[in-house]
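Residue numbers (this note's numbering): 522 to 657.
Everything on this sheet refers to the single structure shown next.
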Amino acid sequence: MNRRDFLILTGAATALPLTASAASMDYKPGLVSKHLKAGDTVFLDFKASWCSTCAAQERVINALKKQNPAYEQSIVFIDVDWDQYGKSDLVKSLKIPRRSTLVALKGDQELGRIIAQTSQSSIKALMDAALGAASA
């Protein structure tokens with residue numbers, strides 16, 4: 522292996538953990554409160570694998586994250602599997618009516634929510650509100 526190949530592979534291996542950590546996390550009980558107590562801004566995506574509206578929202582969220590890396594650097598994105606956690610304490614406490622609901626939180630404050638909307642402008646507005654709160 523020559524030096525150039527070694528440096529390229531080393532750089533890629535070093536960057537890999539950073540990119541993996543920026544991806545959305547899967548919800549587990551206690552995860553949201555842990556991040557909120559730590560002062561993080563949290564973006565919750567209540568979704569189901571079979572939900573076409575959820576898939577459309579996910580495409581928009583991913584496109585927006587690619588356009589503005591500050592989203593992933595400043596906001597904790599958590600995916601909540603509706604089939605597994607649709608009747609959980611988290612869903613009850615936030616009064617989430619259905620899957621395809623997006624909610625942004627900071628501390629004990631809800632910054633906003635979107636229910637079953639897929640427009641880029643609506644989702645961007647919610648993500649911008651979360652980004653603003655994270656920067657404050």
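Backbone N, C-alpha and C fix where the C-beta goes; we use that ideal spot for every residue, glycine too.
Under 8 Å between C-beta atoms of residue i and residue j
i	j	result
PHE567	VAL601	yes
GLN588	THR639	no
ILE582	ILE636	no
Contacting residues, own chain, Cβ-Cβ under 8 Å from residue i (five flanking each side not counted)
i	result
LYS599	Correcting the residue identity first, residue 599 is Ile in this sequence and not Lys. Only SER545, MET546, ASP547, TYR548, LEU552, VAL553, HIS556, VAL563, PHE564, LEU565, ASP566 meet the Cβ criterion.
ALA591	LEU652
Closest residue to residue i among the options (Cα-Cα distance)
i	options	result
LEU632	MET648, TYR592, PRO590	MET648
SER595	GLN641, ILE635, LEU626, SER642	LEU626
ILE617	ASP629, ARG634, LYS645	ARG634
LYS586	GLN641, SER656, ALA657	GLN641
ASP505	SER614, SER643, ILE636	Residue 505 lies beyond the range of the chain shown here (522 to 657); nothing can be said about it.
ASP604	ALA584, ASP610, TRP571, PRO590	TRP571
LEU623	SER609, GLY560, ALA646, SER656	ALA646
In DSSP terms, what residue i is bridged to
i	result
VAL563	VAL597, LEU626
LYS568	ASP602
Nonlocal neighbours in the same chain, by C-beta distance under 7 Å from residue i, ignoring five residues either side
i	result
CYS575	LYS568, ALA569, ARG620, SER621
ALA651	THR562, PHE564, ILE596, ALA625, LEU632
TYR606	TYR548, VAL612
Neighbourhood of residue i by C-beta distance below 6 Å, restricted to the same chain and skipping five residues each side
i	result
SER656	none
Exercise. Quick one: which unbroken beta strand (DSSP E) runs of 3-plus residues sit fully inside the segment 598 to 657? Chain order, please.
Key: Runs of the beta strand (DSSP E) lying entirely within the segment 598 to 657, each at least 3 residues long, are 622 to 627, 630 to 636 in chain order.
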